[in-house]
Amino acid sequence: MRWTDRLAQLCVCAGVVMLPLAANAATEDDPWEGVNRVIFKFNEKLDTYALKPLAQGYQFITPQFLEDGIHNMYRNIGDVRNLANDVLQAKPHAAGVDTARLLMNTTLGVAGFFDVGTKMGLQRNSEDFGQTLGHWGVPSGPYVMLPLLGPSTVRDAVALYPDGFTEPYPYMHDIPARNMAIGMDIIDTRASLLSAEKLVTGDKYVFIRNAYLQHREFKVKDGQVEDDF
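Count along the sequence shown starting at 1, add 3, and that's the number in the numbering used here.
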């Protein structure tokens with residue numbers, strides 16, 4: 004996938020991150036905070052006037068079962084990325100689970116509209132090339148706020164490009180269909196984050212930075228994060 008396509012899909016705004024972890028994690032080194040805050044404000048304006056209203060309208064007019072089905076289909080596409088990085092991280096069990104999920108959801112689940120795999124006890128993994136690099140010891144580098152994409156690190160930003168090739172978009176030659184699929188992906192992702200806004204407290208930039216860095220450390224280490232206390 005082209006860089007711009009990948010940027011459009013992942014974290015579609017800098018103002019919201021759906022994380023299950025606390026935001027009062029230890030502050031990480033942020034040497035580019037001045038520039039990062041400028042980009043953060045740009046992302047927030049884009050979200051406020053474009054992405055969030057579109058996502059709210061989408062949720063308002065879309066029946067819940069249809070919204071869930073569309074979300075499941077995009078998650079099924081994401082399982083290709085998960086599987087590729089399972090293999091790159093030498094995780095045979097996770098690779099087997101994600102292979103089975105792809106087969107079950109793509110066939111019995113009607114192209115992923117129904118998450119048959121989870122109902123069968125095949126729990127979804129979440130892997131990407133940034134985690135793969137971290138798994139093999141590549142440091143994260145400084146925190147960076149990317150236009151449109153939002154929170155990242157130098158390592159995770161570089162990893163977006165190879166991850167893009169696990170998506171179908173680079174292989175779609177029908178440009179209108181490709182753009183529609185990408186647009187729907189953006190709206191689906193933003194809609195799934197609407198309920199997470201209540202988690203953000205205090206300085207939103209600091210909250211998101213700390214939560215993102217803590218979350219990424221948790222993912223890279225497969226949950227084996229040492230407690231500092």
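The beta carbon of each residue, even a glycine, is placed where N, CA and C say it ideally should be.
Predicted, not measured: the structure shown is a model, and the values here were computed from it.
In this structure Gln-92 touches Thr-135 by the C-beta definition: roughly 5 Å separates them, less than 8 Å. For the pair Asn-85 and Asp-71, the CB atoms are not nearer than the 8 Å cut-off.
Note on Gln-67: under 16 other CB atoms within 10 angstroms of its CB, so exposed under the neighbour-count rule.
When DSSP states are grouped into helix, strand and coil, Leu-111 belongs to the coil group. With distances taken between CA atoms, Asp-82 lies nearest to Ala-103 out of Thr-65, Ala-103, His-96 and Lys-94.
When the Cα atoms are used, Leu-163 and Gly-133 turn out to be separated by approximately 8 Å.
In the DSSP assignment, Thr-65 falls outside any beta strand (DSSP E), carrying neither H nor E. Taken in chain order, the unbroken stretches of alpha helix (DSSP H) that lie wholly in the region 122–186 and span 4 residues or more are 132–138 and 157–167. The beta carbon of Pro-34 lies closer than 8 Å to those of Pro-145 in the same chain, with the five residues before and after it left out. Counting C-beta atoms within 10 angstroms of its own C-beta, Tyr-52 has fewer than 16 neighbours from the protein chains shown and is therefore classed as exposed.
Here the alpha carbon of Met-183 sits roughly 35 Å from the alpha carbon of Gly-37. Close CB contacts of Asn-79 within its chain, under the 6 Å cut and outside five residues either way in sequence, are with Asn-108 and Gly-115 (chain order). A direct Cα-to-Cα measurement between Pro-173 and Asp-89 gives close to 22 Å. When DSSP states are grouped into helix, strand and coil, Asp-101 belongs to the helix group. For Gln-92, there is no enclosing alpha helix (DSSP H), as DSSP marks it with neither H nor E. Going by beta carbons, Arg-158 and Gly-137 fall inside the 8 Å limit. Between Asp-225 and the set Arg-212, Asn-128, Gly-60 and Gly-153, the nearest pair of CA atoms involves Asn-128. Under a 10 Å Cβ-count criterion, Thr-110 is classified as exposed, with fewer than 16 other Cβ atoms of the shown protein chains found around its own Cβ. Shown here, Gln-227 sits in coil according to DSSP, grouped into three states, outside any helix or strand. Where Gly-37 is concerned, the enclosing alpha helix (DSSP H) starts and stops at 36–49. By the neighbour-count definition (other C-beta atoms within 10 Å, threshold 16), Ser-198 is an exposed residue.
Counting the other CB atoms within 10 Å of its CB gives Gln-217 a total of 16 or more, which places it among the buried residues.
Gly-120 is classed as buried because its beta carbon has at least 16 other beta carbons within 10 Å across all chains shown. In the three-state reduction of the DSSP assignment, Thr-204 falls in the coil class.
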